[in-house]
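For the protein sequence lines, the chains are A and B, in the order given. Counted the way this note's numbering counts, the first sequence spans residues 2 to 154. Counted the way this note's numbering counts, the second sequence spans residues 2 to 154. All C-beta atoms in this analysis are idealised placements derived from N, C-alpha and C, irrespective of residue type, glycine included. The structure presented is a predicted model; accordingly, all values stated were derived computationally and were not measured. Read through the structure below, which is laid out as structure tokens, and then see the notes.
2 protein chains.
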Amino acid sequence: MEAERHPTVPDAIGAMDRMIATMIVGQQEFARRFGLSVTDLVCFAYVLEAGDTPVTAGDLATRAHVTTGAITGVLNRLEGRGFVARKPDPADRRRVLVVARPTAVEQAMTLYGPFYERLAELFADYTPDELAVLTDWFTRAGDVARTFLEESR
Amino acid sequence: MEAERHPTVPDAIGAMDRMIATMIVGQQEFARRFGLSVTDLVCFAYVLEAGDTPVTAGDLATRAHVTTGAITGVLNRLEGRGFVARKPDPADRRRVLVVARPTAVEQAMTLYGPFYERLAELFADYTPDELAVLTDWFTRAGDVARTFLEESR
DNA sequence: CTAGATTTCTTAGTTGCTAAGATATTACAG
DNA sequence: CTGTAATATCTTAGCAACTAAGAAATCTAG
């Protein structure tokens, strides 16, 4: 069946939309179980992603599209759960640097782990070339969305 | 560089995570502009997706993982914006059927359109076979997430 | 016909957000 | 230097959307 193997761009966008909607609900569910908000998880993911690069409270506000006032609450909750720590910036004492606690990834994996295992099983069904196509698309789609968000400020 | 063209499964999951996080922030931004909540958009997308198949208020609560009380608010807002209409179910008068208004897609496209154009441009960079891989993954990842959500109730 | 189950809506209370402004610090023009 | 403006975070008051619990209407089964 050639037709089914060659979806149109609108087909792809439709399938993507349904996937995104489900992932959003999934994140809300994860957040609920952590006793955190979706914004908290988005910020935490960004801190982990940044790795050694220092992240300020303001960076999180920009990235999550919320006010700095909201970030105060985000950091209080993440700090309360032991996910991150506030650290003063020696170079600029107005700033607050946010660093992930050593056990943070471990803690997150307790809840995310089972879901990631399912995803890993799914990805295992694809060839290395197909995995490259998927990873490339994730990266570029993320860039497209980020650019779109920045432009429409 | 072979290594770069063959990401590992963890690479793929990492790229996917960052993409999802950005899409979540994007949906929050769209919701803000519509004067709606993310839950409203998730429900609206589900109503559109269902097409002619009737959707009840309870279906939306199940799909969006919120209480039926929250759905009352969702429907009031979506109805207020002219996106959907409540329709009594002739077969069961307790039920409320939700149908998309004819102009609903058009209205949604006013805001979503520019973003979808960017996505369409991105998808245009992929061959039909690659597009098939992507669409297949969207569908299956959506199924994995939906199954995971249903199991963990 | 009645008792229980189902479906939506209502109400009270909680949470996380924004907007505006307070506070502390840094940057820079003169 | 010094004073003024800009910047970064936090605080506060108010608002919007959620939950939990239960009311009201309707359906289902014995």
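- prompt: What residue from Q29(B), A13(B), F45(B), T57(B) has the CA that sits closest to S38(A)'s CA?
  reply: Q29(B)
- prompt: When you compare only the Cα positions, how much space is there between L98(B) and A86(A)?
  reply: 48 Å
task: Please list, in chain order, all residues of the same chain as Y47(B) whose beta carbon is under 6 Å from its beta carbon, the five residues on each side excluded.
output: R64
- prompt: Do you know whose CA, among V10(B), M20(B), I25(B), lies nearest R141(A)'s CA?
  reply: M20(B)
- request: List the DSSP bridge partners of V56(A).
  value: V99(A)
query: So what does DSSP say about V193(B), is it helix, strand or coil?
result: Only positions 2 to 154 of chain B appear in the structure, and residue 193(B) is not among them; the question remains open.
- request: Go through its chain and collect everything with a Cβ distance to E80(A)'s Cβ below 8 Å, but skip five positions before and after it.
  value: A86, R87
- request: Return the chain-ordered list of same chain residues with a C-beta closer than 7 Å to the C-beta of V67(A), the five sequence neighbours on each side being excluded.
  value: T40
query: Taking buried to mean at least 16 other C-beta atoms within 10 Å of its own C-beta, is T52(B) buried or exposed?
result: According to the sequence as given, residue 52(B) is Gly; it is not Thr. Flag for G52(B) reads exposed.
message: Is the beta carbon of G27(B) closer than 8 Å to that of A146(A)?
response: yes
Boundaries of the alpha helix (DSSP H) in which T111(A) is found, first to last residue: 105–125
query: For E107(B) and chain A, any beta-carbon pair shorter than 8 Å?
result: no
task: Run the CB neighbour count on A22(A), radius 10 Å, all protein chains shown included, and call it buried at 16 or more, exposed below.
output: buried
task: For R96(B), collect the residues of the same chain with a Cβ closer than 7 Å to its Cβ; drop the 5 residues on either side in sequence, then sort them by chain order.
output: T57, D90
query: The alpha helix (DSSP H) spanning L49(A) covers which residue range?
result: 39–51
- request: On a CA-only basis, which of D12(B), C44(B), R34(B), E152(B) is nearest P115(A)? Give me that one, please.
  value: E152(B)
message: the ligand GTP and S153(B): does the residue's C-beta get closer than 7 Å to at least one heavy atom of that ligand?
response: Within the structure as shown, the ligand GTP is missing, as the structure has no ligands at all.
task: Verify whether the separation of the beta carbon atoms of A109(B) and V10(A) is less than 8 Å.
output: no
Coarse secondary structure for P91(B), derived from DSSP in three states: coil
task: Take I72(B) as the anchor and find which of G83(B), M17(B), L42(B) has the nearest alpha-carbon.
output: L42(B)
query: Rounded to a whole number of angstroms, what is the C-alpha to C-alpha distance between F45(A) and F84(A)?
result: 8 Å
task: Find the residues of chain B that neighbour R147(A), judging by a C-beta separation of less than 7 Å, and give them in chain order.
output: T23
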